[in-house]
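Engineer: Take a look at the following structure, please.
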Amino acid sequence: GRIAYALVAALTARRGEVRTGADVAAIIHDDQRATGVRLVGGEEITASSILSGADPRHTLLTLVGAPELPPEFVWHTQSIKMRGSVAKVHLLTDGNHGLPRGTLVIAPSVRYVERAFDAAKYGRMSSEPYLELTSNGPVVSIHFQFAPHNLRESEWSQERAVLERVAVETAANAFPQLKASIRETKSLTPLDLEQIYGLTEGDLNHGQLILDQMFFMRPMPGWSTHKTPIENLFLCGNGVHGGGGLSGASGRNAAKAVLKEL
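The opening position of the sequence shown corresponds to residue 1153 in my numbering, with each subsequent residue numbered one higher.
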């Protein structure tokens, strides 16, 4: 959270403005040129350059719209491989959970991780998951892998309780005090990540990090410069070169691309 606050402070110090809770419904464009954004509430904001940190599919096919883009480009965008397989479980405890401050991983061996992933390959949630546990005070945040966006034999509305139970039991095997300390549990399934945060298929990386979707082929062949067919519209999120993860590299690269156009 401190990185986000530092970035906001740097922006506001230069007379910039950050607006939260301002969902974008569409990117306004005229004659293949972006001119602003329209918010869900109907407000329109004009700008000389638009940078989207949303994933490429959501930005181009939903906010811009497929009819406004070249057919071949639309096909490439639709072909971006996105397979979210991460869930989150947040625990509010009384503080006596027994975890050290910081982040630790539960993955006893390479074979353990392979077995955890095998379940996702067949559309099932891992029964022995890879976990990352982060704690700083009474809140424990669990990063759960693997949990496929598309379950083969069930729905996430039916599996949420199972997700929470498996996450807690796996963590409690290493930290026996954890269970008794829990006061409240909140989980985010891959479907939640899609519906709440606009992450297509719940993919945190905005596109799989595989060989044909990296470097000069990210997000797609021929479009690794952060530009799009819509003039003045740039991509700056995890789905372009420099992503995924939280390095900030894709945003820096996109900013440099915008400056070249000024």
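Quick reminder that beta carbons are idealized off the backbone N, C-alpha and C, glycines included.
Counting C-beta neighbours from all protein chains within 10 Å, is the total for Trp-1308 16 or more, i.e. buried, or is it exposed?
Structural biologist: Position 156 of the sequence shown, counting from 1, holds the residue named residue 1308. The residue in question, Trp-1308, is buried, as its Cβ has 16 or more Cβ neighbours within 10 Å.
Engineer: Report all residues from its chain with a CB closer than 8 Å to the CB of Thr-1341; omit the five preceding and five following residues, and keep chain order.
Structural biologist: Here residue 1341 is taken as the residue at index 189 of the sequence shown, counted from 1. Ala-1239, Ala-1299, Trp-1308, Glu-1311, Arg-1312, Leu-1315, Gly-1354.
Engineer: Using 8 Å as the cut-off, can you tell me whether the region 1227-1236 makes contact with the region 1368-1377, which would need three or more C-beta pairs spanning the two stretches below that distance?
Structural biologist: Contact between the region 1227-1236 and the region 1368-1377 is present, because at least three Cβ pairs lie under 8 Å.
Engineer: Give, in chain order, every unbroken run of the alpha helix (DSSP H) that is at least 4 residues long and sits entirely within the region 1310-1363.
Structural biologist: 1330-1333, 1342-1349
Engineer: Using three-state DSSP, classify Glu-1169 as helix, strand or coil.
Structural biologist: Mapped onto the sequence shown, residue 1169 falls at position 17. If DSSP states are grouped into helix, strand and coil, Glu-1169 belongs with coil.
Engineer: From the DSSP secondary-structure annotation, give me the bridge partner or partners of His-1295.
Structural biologist: Translated into positions along the sequence shown, residue 1295 becomes position 143. Beta-bridge pairing links His-1295 to Lys-1240, Glu-1284.
Engineer: Based on the DSSP secondary-structure assignment, which residues constitute the bridge partners of Thr-1395?
Structural biologist: As a first step, residue 1395 is located in the sequence shown; it is residue number 243 there, counting from the start. It should be noted that the sequence gives Gly, not Thr, for residue 1395. Secondary-structure assignment with DSSP links Gly-1395 through a beta bridge to His-1393.
Engineer: Excluding sequence positions up to five away, which residues of its chain have a Cβ less than 7 Å from the Cβ of Thr-1198?
Structural biologist: If you number the sequence shown from 1, residue 1198 lands on position 46. Within the same chain, Thr-1198 has close Cβ partners Thr-1187, Gly-1188.
Engineer: Can you list, in chain order, the residues of its chain whose CB lies under 6 Å from that of Asp-1270, leaving out five sequence neighbours each side?
Structural biologist: Here residue 1270 is taken as the residue at index 118 of the sequence shown, counted from 1. Nothing listed; no residue qualifies.
Engineer: Considering Val-1176, what are the terminal residues of the alpha helix (DSSP H) in which it resides?
Structural biologist: Taking the sequence shown and counting its residues from 1, the one referred to as residue 1176 is at position 24. First-last for Val-1176: 1176-1181, but that is the beta strand (DSSP E), not the alpha helix (DSSP H).
Engineer: For Gly-1171 and Gln-1365, I'd like the C-alpha separation in whole angstroms.
Structural biologist: Taking the first residue of the sequence shown as position 1, residue 1171 is located at position 19. Taking the first residue of the sequence shown as position 1, residue 1365 is located at position 213. Strictly speaking, residue 1171 in this sequence is Arg, with Gly absent from that position. Going by the C-alpha atoms only, they are around 32 Å apart.
Engineer: Have a look at Thr-1255 and Thr-1164 and give me their C-alpha separation to the nearest angstrom.
Structural biologist: The residue labelled residue 1255 in the question sits at position 103 within the sequence shown. The residue labelled residue 1164 in the question sits at position 12 within the sequence shown. Rounded to the nearest angstrom, the two C-alpha atoms are 31 Å apart.
Engineer: Identify, in the order they occur along the chain, each residue of the same chain with its Cβ nearer than 6 Å to the Cβ of Asn-1288, setting aside the five sequence neighbours on each side.
Structural biologist: Translated into positions along the sequence shown, residue 1288 becomes position 136. Within the same chain, Asn-1288 has close Cβ partners Arg-1253.
Engineer: Helix, strand or coil for Ile-1232, going by three-state DSSP, please let me know.
Structural biologist: Against the sequence shown, residue 1232 aligns to sequence position 80. Look at Ile-1232 here: in three-state DSSP terms it is coil, with no helix or strand label.
Engineer: Going along the chain, which residues of its own chain have a beta-carbon closer than 8 Å to the beta-carbon of Thr-1245, five neighbours each way excluded?
Structural biologist: Here residue 1245 is taken as the residue at index 93 of the sequence shown, counted from 1. Within the same chain, Thr-1245 has close Cβ partners Pro-1290, Val-1291, Val-1292, Leu-1330, Ser-1333, Ile-1334, Arg-1335.
Engineer: So which of Phe-1367, Leu-1363, Leu-1414, Gly-1236 has the shortest CA-CA distance to Glu-1383?
Structural biologist: For the purposes of this step, residue 1383 is taken as the residue at position 231 of the sequence shown. Cα-wise, what sits closest to Glu-1383 is Leu-1414.
Engineer: Would Arg-1209 pass as a contact of Ile-1232 if the rule is Cβ separation under 8 Å?
Structural biologist: Residue mapping note: residue 1209 aligns to position 57 of the sequence shown, counting from 1. Residue mapping note: residue 1232 aligns to position 80 of the sequence shown, counting from 1. A contact, by the Cβ cut-off of 8 Å.
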